[in-house]
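Numbering (this note's numbering), first residue to last: 2 to 430.
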Amino acid sequence: MPCVDPSTEGFIMTTVLQRPIASVHGRDQQVTCADGRTTRSIDLDYAASAPALDAVVERVREVLPHCASVHRGAGHKSQVCTREYESARNTVHRFCGADPDDVVVFTRNTTDALNLLAGCVPGDTVVLDIEHHANLLPWRNRRVVRSADSVEETLTRLGDELASRPAALLAVTGASNVTGEVLPLDRLADLAHRHGARILVDGAQLVPHRAVDITAAGIDYLAFSGHKLYAPFGAGVLVGRRDWLDVAEPYLAGGGATRHVSVLGASVDIDWALSPARHEAGTPNLLGAVAIAAACDEIGAIGHGAIATHDQECTDALLGGLTALAGVSVLRLWSDSADIVGIVSFTVDGVDAGALATALADDHGIAVRAGKFCAHPLLSRVGAADGAVRASIGLGTTADDVDRFVEAVRVTCLSLRDRVTTGSLASAS
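Here you go:
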């Protein structure tokens with residue numbers, strides 16, 4: 002199958018912005034298709050990992066010559082790095098709308114942040130069955146609530162569970178990594194607080210698309226990753242109330258996390274530091290923290306209003322193009338949910354998801370994801386237990402990207418179905 006040419010008959014035009022809303026590093030990279038032709042690569046896999054913004058790359062380059070140990074040296078470079086690291090923490094604090102008493106802990110990623118908090122929760126954690134595994138598996142005393150076919154009924158079920166017996170925490174996704182659907186976080190926060198629980202929001206998919214003011218929304222804890230926020234330099238964030246964090250034993254022990262350590266006979270006496278140092282043992286990831294802060298600044302400069310408009314236009318075009326194709330079913334959780342970010346997962350009758358994603362990459366230079374997206378219960382819940390294809394948009398997405406993708410799906414599905422019919426494709430799974 003040849004690379005899709007925009008002049009091809011039947012090519013679908015949209016009204017989406019014709020230019021990226023931000024300068025994304027490597028966006029115009031050329032790739033070679035299976036037939037030997039080259040084409041501009043299209044990244045529709047932002048939900049997995051977003052490319053770095055050029056502004057983030059430039060900021061990292063500025064700091065690189067000064068790299069040294071954070072909080073651990075008297076030299077000039079160490080002093081500069083320590084200031085940069087703590088400045089990045091302050092930037093993230095402002096970006097999230099955190100309360101002055103809240104703490105920002107730098108982690109490796111969202112999964113790391115959630116596992117950190119899981120060791121600090123003094124009681125049960127209530128979760129939904131549609132969570133990403135990172136927000137389903139870490140909680141040590143979890144109570145799983147099965148989601149309903151509507152948001153309203155799902156909230157009712159959560160309320161019933163919270164009322165049935167005490168829970169310390171309600172842990173929910175901000176936006177589904179499979180369907181892009183957004184839950185009413187302010188209502189969930191109120192629900193948790195009315196029953197004496199706190200709320201944690203897995204913001205991995207929400208923060209790149211929406212402004213999240215945790216103080217205004219009543220959110221106690223927010224976790225997200227740099228690599229989904231256009232800062233793929235190995236850092237993540239946990240931001241929120243410090244009291245649980247200040248009394249829990251760190252799950253990562255080491256240098257920098259203590260005030261004093263002494264050996265008494267055969268035992269070790271440890272005086273742990275308070276947060277954030279308590280939970281940042283080892284040499285910190287300076288470049289990761291600086292990158293996240295730079296991404297926060299750049300997103301603030303672009304403006305969440307402009308991002309939301311771009312996001313909506315791209316998502317509408319993506320949905321409109323896919324639903325117009327024969328045999329395509331878009332996955333959704335709730336019948337009464339109209340609020341989604343730029344994530345669209347779908348199946349195609351008679352077409353294997355993995356084969357489709359591979360063909361899109363090999364024959365058209367288009368990157369999407371296929372599989373179960375680390376959310377196996379959710380895929381079973383929406384009738385796609387064998388997996389689906391996910392297309393996700395970001396700040397570098399344009400009309401041409403969406404148009405080429407939709408046309409490539411149409412052409413590829415026809416070809417794959419023909420191969421199955423003629424027996425040239427031995428297996429569709």
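Even glycine gets a Cβ: it sits at the ideal position worked out from N, Cα and C.
In the DSSP output, what is residue i paired with across the bridge?
i: Ala371; result: Val390
i: Tyr222; result: Leu201 and Gly241
i: Thr108; result: Gly237
i: Phe406; result: Answer is none; Phe406 lacks a bridge partner.
i: Val122; result: None, per the DSSP bridge assignment.
i: Ala172; result: Val128 and Leu201
i: Trp273; result: Thr259
i: Leu265; result: Ser268
i: Phe347; result: Val331 and Val390
i: Val61; result: Paired residues: none, contrary to the question.
i: Glu182; result: Ile341
i: Asp46; result: Ser393
i: Val81; result: The partner list for Val81 (beta bridge, DSSP) is empty, contrary to what the question assumes.
i: Val32; result: Thr40
For residue i, which option in the options has the closest C-alpha, if you only look at C-alpha atoms?
i: Arg242; options: Pro209, Ser381, Ile215 and Gly235; result: Ile215
i: Ser88; options: Val64, Thr40 and Cys34; result: Val64
i: Arg256; options: Ile271, Val248 and Asp244; result: It is Gly, not Arg, that sits at residue 256 in the sequence shown. Out of Ile271, Val248 and Asp244, Ile271 has the C-alpha closest to the C-alpha of Gly256.
i: Ala99; options: Arg109, Arg382 and Ala217; result: Ala217
i: Pro285; options: Thr40, Asp102, Ala325 and Val106; result: Val106
i: His261; options: Leu275, Ala267, Tyr252 and Ala249; result: Leu275
i: Pro21; options: Ser50, Ala35, Arg38 and Leu54; result: Leu54
i: Pro251; options: Cys121, Asp401, Thr92 and His26; result: Cys121
i: Asp415; options: Ile220, Asp404, Leu326 and Ala318; result: First, the residue type needs correcting, since residue 415 is Leu and not Asp in the sequence shown. The shortest Cα separation from Leu415 among Ile220, Asp404, Leu326 and Ala318 belongs to Leu326.
i: Thr126; options: Arg143, Asp340, Asp317 and Asn116; result: Arg143
i: Leu361; options: Gly27, Asp44, His26 and Asp29; result: Asp44
i: Cys34; options: Ile367, Val383 and Val407; result: Ile367
i: Lys229; options: Ile300, Trp140 and Cys68; result: Ile300
i: Ala176; options: Gly219, Glu162 and Leu129; result: Leu129
i: Glu281; options: Arg199, Gly219 and Val71; result: Val71
i: Leu246; options: Ala149, Ser263, Tyr222 and Tyr231; result: Tyr222
i: Arg158; options: Tyr86, Asp350 and Ala193; result: Ala193
i: Arg279; options: Cys97, Ala190 and Val248; result: Val248
i: Pro1; options: Glu132, Tyr86 and Asp103; result: For the chain, the structure presents residues 2 to 430; residue 1 sits outside this window and is missing.
i: Pro185; options: Glu85, Ala339 and Asp161; result: Ala339
i: Thr39; options: Asp363, Gly372, Val369 and Val383; result: Asp363
i: Gly160; options: Val349, His305 and Gly197; result: Gly197
i: Asp36; options: Gly395, His365, Arg382 and Lys373; result: His365
i: Arg199; options: Ala172, Gly304, Ala258 and Val213; result: Ala172
i: Gln206; options: Asp401, Ala51, Gly219 and Arg382; result: Ala51
Mind checking residue i: buried by the 16 CB within 10 Å criterion, or exposed?
i: Arg95; result: exposed
i: Pro277; result: buried
i: Lys437; result: The requested residue 437 does not occur in the structure, where the chain is confined to residues 2 to 430.
i: Ser8; result: Unreliable positioning characterises Ser8 in this predicted model, as indicated by a pLDDT of 36, which lies under 50. The coordinate reading is nonetheless provided below. That one is exposed.
i: Gly11; result: At Gly11, the pLDDT of 39 sits below 50, so the modelled position is not reliable; the number obtained from the coordinates is stated separately. Per the 10 Å Cβ criterion, exposed.
i: Val152; result: buried
i: Gln19; result: exposed
i: Arg60; result: buried
i: Leu287; result: buried
i: Leu265; result: exposed
i: Pro233; result: buried
i: Arg411; result: buried
i: Asp187; result: exposed
i: Asp46; result: buried
i: Ala302; result: exposed
i: Asp312; result: buried
i: Pro139; result: buried
i: Arg147; result: exposed
i: Ala386; result: exposed
i: Ala75; result: exposed
i: Gly181; result: buried
i: Arg28; result: buried
Please confirm whether residue i and residue j have their CB atoms less than 8 Å apart.
i: Val309; j: Val345; result: One point to set straight first is that residue 309 is Ala, not Val, in the sequence displayed. No; because the gap between Cβ atoms is not below 8 Å, this pair is not in contact.
i: Ala409; j: Phe347; result: no
i: Leu357; j: Thr413; result: yes
i: Thr92; j: Cys375; result: no
i: Ser24; j: Gln31; result: no
i: Leu380; j: Val208; result: no
i: Ala267; j: Gly227; result: no
i: Val431; j: Cys315; result: The structure shown does not extend to residue 431, since the chain is modelled only from 2 to 430, so the question has no answer here.
i: Ala224; j: Leu115; result: yes
i: Arg436; j: Val57; result: Residue 436 lies beyond the residue range present for the chain, which begins at 2 and ends at 430; the question has no answer from this structure.
i: Leu156; j: Leu201; result: no
i: Ala49; j: Arg370; result: yes
i: Asp150; j: Thr174; result: no
i: Val352; j: Leu417; result: yes
Answer yes or no: the CB of residue i versus the heavy atoms of the ligand NAD, is any distance below 7 Å?
i: Val407; result: Ligands in the displayed structure: none, and consequently the ligand NAD is not present.
Worksheet item: Does the pairing of the region 163–171 with the region 318–338 give three or more beta-carbon distances under 8 Å?
Response: no
Worksheet item: Taking one C-beta from the region 109–121 and one from the region 227–242 each time, how about it: are there three or more such pairs within less than 8 Å?
Response: yes
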